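Colleague: Residue numbers (my numbering): 76 to 249.
Yeah, the Cβ is synthetic: ideal placement off N, Cα and C, and Gly gets one too.
Computed from a predicted model, the values in this text were never measured in an experiment.
1. So, do the stretch 237-244 and the stretch 86-100 have three or more beta carbon pairs nearer to each other than 8 Å?
2. Please determine, among 101, 209, 246 and 208, the residue with the shortest C-alpha to C-alpha distance to residue 153.
3. Would you be able to state if there are at least three C-beta pairs under 8 Å between the stretch 130-141 and the stretch 207-216?
4. Which residues mark the beginning and the end of the beta strand (DSSP E) in which residue 246 is found?
5. Whole angstroms are fine: how far does the CA of residue 223 sit from the CA of residue 169?
6. With a threshold of 16 other CB atoms inside 10 Å of the CB of residue 192, please say whether the residue is buried or exposed.
7. Please work out which residues of its chain come closer than 8 Å, Cβ to Cβ, to residue 166, disregarding the five sequence neighbours upstream and downstream, and give them in chain order.
8. Between the alpha carbons of residue 123 and residue 162, how many angstroms are there, rounded?
9. Going by beta carbon distance, what residues of the same chain come within less than 6 Å of residue 107, once the five residues before and after it are set aside?
10. Quick one, are the C-beta atoms of residue 155 and residue 93 less than 8 Å apart?
11. Would you check if the distance between the CB atom of residue 184 and the CB atom of residue 237 is smaller than 8 Å?
12. In three-state DSSP terms, what is residue 79?
13. Hey, could you find the ends of the alpha helix (DSSP H) residue 90 is sitting in?
14. Could you have a look at residue 155 and say whether DSSP puts it in helix, strand or coil?
15. Sorted by chain position, which residues of the same chain lie with C-beta nearer than 8 Å to residue 260's C-beta, five sequence neighbours on each side aside?
16. For a quick check, are the C-beta atoms of residue 116 and residue 202 less than 8 Å apart?
17. Which residue or residues does DSSP assign as beta-bridge partners of residue 239?
18. What does DSSP give as the partner residue(s) for residue 125 in the beta ladder?
Written as C-alpha cells, this is what we have:
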C-alpha cells in the first residue's frame with residue numbers, strides 16, 4: 076500500500092482575522108501572498124471554494140474541492156466576536172454539538188472533514204489550501220482527539236500541517 080501525504084495550508088490573513096470577526100463567504104484578502112515556492116512539484120493541489128483560499132492558492136494550479144469549504148457559521152458571518160452574547164458564545168465554545176448561529180456545528184464540521192480525509196484522497200502527495208477550522212478538524216481526526224479539543228488549537232495564516240496515512244492517519248512534525 077502506498078501512503079497518502081497531505082499538507083494543509085491555512086489561507087492568508089483576512090481583514091476578519093485582523094479585527095476579530097467571523098469571515099463572510101467571499102471575503103477577499105487584503106494582501107494576497109506570493110505563496111509557497113517550496114512546495115513539491117509532484118503534488119496534486121486542492122483549494123477550498125471561498126475567495127480567500129482561491130487567492131492564497133493563486134499560481135498553484137489547484138482544483139476547488141467542496142470538502143475543504145469553511146464551517147458554515149450561519150447568522151454569525153461577518154459578526155465581530157465582541158458583539159455576540161457572552162453566554163451564547165460560551166455554549167458554542169464548550170459544546171461541539173451546538174450551532175446557535177443556525178449553521179454547522181463543530182461536530183458536524185469535524186465529521187465532514189473526517190469523511191473527506193478518509194474517502195476523497197488517493198495515495199500520493201496532496202497540498203490543500205483551506206481554513207483554520209478545517210485544519211483543526213483534520214488534526215482532531217488524525218489524532219483521534221475529542222471534538223471538545225477543537226478550540227484549543229490556534230491556526231495562524233499560512234500555517235502548515237502535515238498529515239500522512241498508511242493504515243491510519245498520523246500528524247507529521249518537522
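Modeller: Judging by the given coordinates:
1. no
2. As a first step, residue 153 is located in the chain shown; it is residue number 78 there, counting from the start. Measuring from the Cα of residue 153, the nearest candidate turns out to be 101.
3. no
4. Here residue 246 is taken as the residue at index 171 of the chain shown, counted from 1. Note, residue 246: beta strand (DSSP E), 244-247.
5. Position 94 of the chain shown, counted from the first residue, corresponds to residue 169. Position 148 of the chain shown, counted from the first residue, corresponds to residue 223. Straight-line Cα distance between these residues: approximately 7 Å.
6. Residue 192 sits at position 117 when you count from the first residue of the chain shown. Per the 10 Å Cβ criterion, buried.
7. Counting from 1 along the chain shown, the entry for residue 166 is found at position 91. Hits under 8 Å: 173 and 175.
8. Within the chain shown, the letter at position 48 stands for residue 123. Within the chain shown, the letter at position 87 stands for residue 162. Answer to the nearest angstrom: the Cα atoms are 31 Å apart.
9. As a position in the chain shown, residue 107 is number 32, starting the count at 1. Excluding sequence neighbours, residue 107 sits near 130.
10. Working through the chain shown from its first residue, we reach residue 155 at position 80. Working through the chain shown from its first residue, we reach residue 93 at position 18. No; because the gap between Cβ atoms is not below 8 Å, this pair is not in contact.
11. Taking the chain shown and counting its residues from 1, one reaches residue 184 at position 109. Taking the chain shown and counting its residues from 1, one reaches residue 237 at position 162. Not closer than 8 Å, so no.
12. By 1-based counting over the chain shown, the position of residue 79 is 4. Looking at residue 79 - three-state DSSP - the assignment turns out to be strand.
13. The count along the chain shown starts at 1 and reaches residue 90 at position 15. Note, residue 90: alpha helix (DSSP H), 90-94.
14. Numbered from 1 along the chain shown, position 80 holds the residue referred to as residue 155. In this structure, residue 155 counts as strand in the three-state DSSP scheme.
15. With the chain covering only 76 through 249, there is no way to say anything about residue 260.
16. If you number the chain shown from 1, residue 116 lands on position 41. If you number the chain shown from 1, residue 202 lands on position 127. For residue 116 and residue 202, no; Cβs fall outside 8 Å.
17. As a first step, residue 239 must be located in the chain shown, where it is residue number 164. 80 and 245, per the DSSP bridge assignment.
18. In the chain shown, residue 125 corresponds to position 50, counting from 1. The partner list for residue 125 (beta bridge, DSSP) is empty, contrary to what the question assumes.
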